[in-house]
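So the structure is just underneath, and the comments pick up after that.
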DNA sequence: CCGAAAATAGCACGATCGTTCGTTTTATCC
DNA sequence: GGATAAAACGAACGATCGTGCTATTTTCGG
């Protein structure tokens with residue numbers, strides 16, 4: 025069948041479901057019991073794949089980051105005009121927030137705020153992924169506006185994504201996407 | 025002593041400590057046991073003040089919003105130049121995020137992302153407070169830029185605050201404040 | 001197809017969760 | 001100051017948490 029060993033396939037299945045659950049309830053509310061039940065596994069059988077809950081949380085975050093790369097980052101590389109990559113990236117990011125296939129919001133953004141004051145490996149993983157994301161934005165910003173304030177641009181861009189997430193999911197503003205894209209346009213125009 | 029009844033004083037003490045805990049671990053991780061222990065109360069004695077955990081969470085969020093009004097919103101009213109109120113508001117907001125007296129981040133922003141997909145009274149309260157905040161920003165934006173895209177400005181402003189929170193608390197960027205204020209300046213200049 | 005190794009299940013543990021109830025202490029008012 | 005009401009406590013509940021152990025099933029290389 026698949027060229028992966030059975031254990032690895034189950035491992036991946038668990039992480040996919042964990043990502044789904046974490047997107048809805050947050051990474052902190054991710055618990056082993058309900059996760060195992062959803063997959064038709066026993067608690068201990070699932071637990072054996074990770075050796076602690078924290079490891080499960082970290083791997084779940086890593087899995088989200090991998091999906092984010094596939095859905096957002098990777099397509100940007102096909103854009104030949106480097107000055108346009110920031111715009112393409114942002115467009116993909118908003119698309120990811122709106123229709124990534126997850127039932128809930130982006131677990132990386134959620135974990136970034138949820139664990140910002142909770143020391144431990146989960147916080148470290150969140151900082152690692154968000155930091156990487158931030159540096160990526162700075163690079164795109166530098167390519168788009170070589171003489172602009174790239175740090176300020178990057179701050180605005182990541183902020184717009186978070187704002188979009190909340191206006192979309194919490195406030196339920198159906199116009200959120202249009203507003204977000206207009207704000208991004210104004211940001212680029214003013215830089 | 026105080027003109028409040030004993031029960032009301034304790035009620036307020038509980039909420040203040042709950043706000044502190046929620047700012048660190050998030051509203052979802054707010055639990056009654058540790059909260060009671062920190063206050064020198066019994067679990068059941070504390071619980072009697074609220075009749076469910078959800079009520080405690082909602083009241084905690086309300087308490088944060090009240091503090092936010094005192095620290096951020098109210099001082100803005102003293103600014104006579106209405107076109108400058110958006111800038112004053114934002115300055116106060118960032119100051120609130122940096123030194124509100126809380127050990128952790130702003131529980132309203134955290135709850136907005138944490139509960140955006142978890143139906144219930146806590147989500148409703150988060151949406152109520154964040155929605156009110158958002159409409160306030162729109163009003164300030166309209167006063168500052170009557171012919172501008174006030175929705176887009178408001179989206180950028182709230183986004184910048186969230187981005188600041190994460191860059192400050194998660195990434196630990198000590199330059200975060202300067203970058204945030206520069207980004208805000210560029211936002212106003214371009215609008 | 002068989003035996004080793006990996007994967008999963010079953011069960012139990014101590015801890016903690018939110019919540020209820022009856023009692024006891026403490027505040028409030030005439 | 002003593003009656004009355006409010007507030008806080010202590011103990012217990014069923015449930016669920018993360019995490020060990022051991023046994024059983026399943027996979028896979030020779």
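Protein chains in written order, with my numbering: chain A, 25 to 215; chain B, 25 to 215.
All C-beta atoms in this analysis are idealised placements derived from N, C-alpha and C, irrespective of residue type, glycine included.
Contact annotation: in the stretch 161 to 175 of chain A, residues whose CB is within less than 8 Å of a CB in chain B are 173 and 175.
Rounded to whole angstroms, the separation of the alpha carbons of residue 54 of chain B and residue 46 of chain B is 6 Å. With a threshold of 16 other beta carbon atoms within 10 Å, residue 28 of chain B falls short and is exposed.
Straight through space, the alpha carbons of residue 165 of chain A and residue 142 of chain A are spaced by roughly 31 Å. Put simply, the backbone Cα of residue 35 of chain B is about 11 Å away from that of residue 69 of chain B. Interface residue (Cβ-Cβ distance to chain B less than 8 Å): residue 121 of chain A is not classified as such. By the rule that beta-carbons nearer than 8 Å mark a contact, residue 204 of chain A touches chain B. The stretch 136 to 153 of chain A makes contact with the stretch 76 to 96 of chain A; the number of CB pairs closer than 8 Å reaches 3 or more.
Annotation: the continuous alpha helix (DSSP H) that includes residue 77 of chain B extends over 77 to 92.
Residue 99 of chain B sits away from residue 87 of chain B, with the two beta carbons spaced by 8 Å or more. Here DSSP, grouped into helix, strand and coil, assigns residue 169 of chain B to coil. In the structure shown, the three-state DSSP call for residue 102 of chain B is coil. Spanning the alpha carbons of residue 124 of chain B and residue 32 of chain A requires a straight line of approximately 47 Å.
At a Cβ-Cβ threshold of 8 Å, residue 185 of chain B and residue 51 of chain B do not count as neighbours.
Residue 140 of chain B counts as buried, since no fewer than 16 other beta carbons sit within 10 angstroms of its beta carbon.
Look at residue 127 of chain B here: in three-state DSSP terms it is coil, with no helix or strand label. Between the beta-carbon of residue 177 of chain B and that of residue 215 of chain B there is about 6 Å, and that keeps the pair under the 8 Å contact cut.
A Cβ of chain B is located within less than 8 Å of the beta carbon of residue 138 of chain A.
In terms of beta-carbon proximity, residue 183 of chain B lines the interface with chain A, with at least one pair separated by less than 8 Å. For residue 154 of chain B, the chain A residues whose C-beta falls within less than 8 Å of its own C-beta are 190, 194 and 195, listed in chain order.
With a beta-carbon spacing of about 4 Å, residue 192 of chain A and residue 200 of chain A fall inside the 8 Å limit used to define contacts. Taking the Cα positions, residue 60 of chain A is about 6 Å away from residue 66 of chain A.
Taking 8 Å as the threshold, the shortest C-beta distance from residue 198 of chain A to chain B does not fall below it. Beta-carbon to beta-carbon, residue 132 of chain B and residue 151 of chain B are separated by about 11 Å, too far to satisfy the 8 Å threshold. Counting of Cβ neighbours within 10 angstroms places residue 40 of chain B among the exposed residues, the total staying below 16. Cβ neighbours of residue 211 of chain B within its own chain (closer than 8 Å, five residues either side excluded): 177, 180, 181 and 184. The shortest C-alpha to C-alpha distance from residue 198 of chain B to any of A/138, A/89, A/187 and A/175 is the one to A/175.
With its beta carbon less than 8 Å from one in chain B, residue 207 of chain A belongs to the interface. Around the beta carbon of residue 127 of chain A, fewer than 16 other beta carbons lie within 10 angstroms, which makes this residue exposed. For residue 31 of chain A, the enclosing alpha helix (DSSP H) begins and ends at 30 to 49.
Per DSSP, the continuous alpha helix (DSSP H) segment holding residue 189 of chain B begins and ends at 174 to 193. Between residue 154 of chain B and residue 136 of chain B, the alpha-carbon positions lie close to 7 Å from each other.
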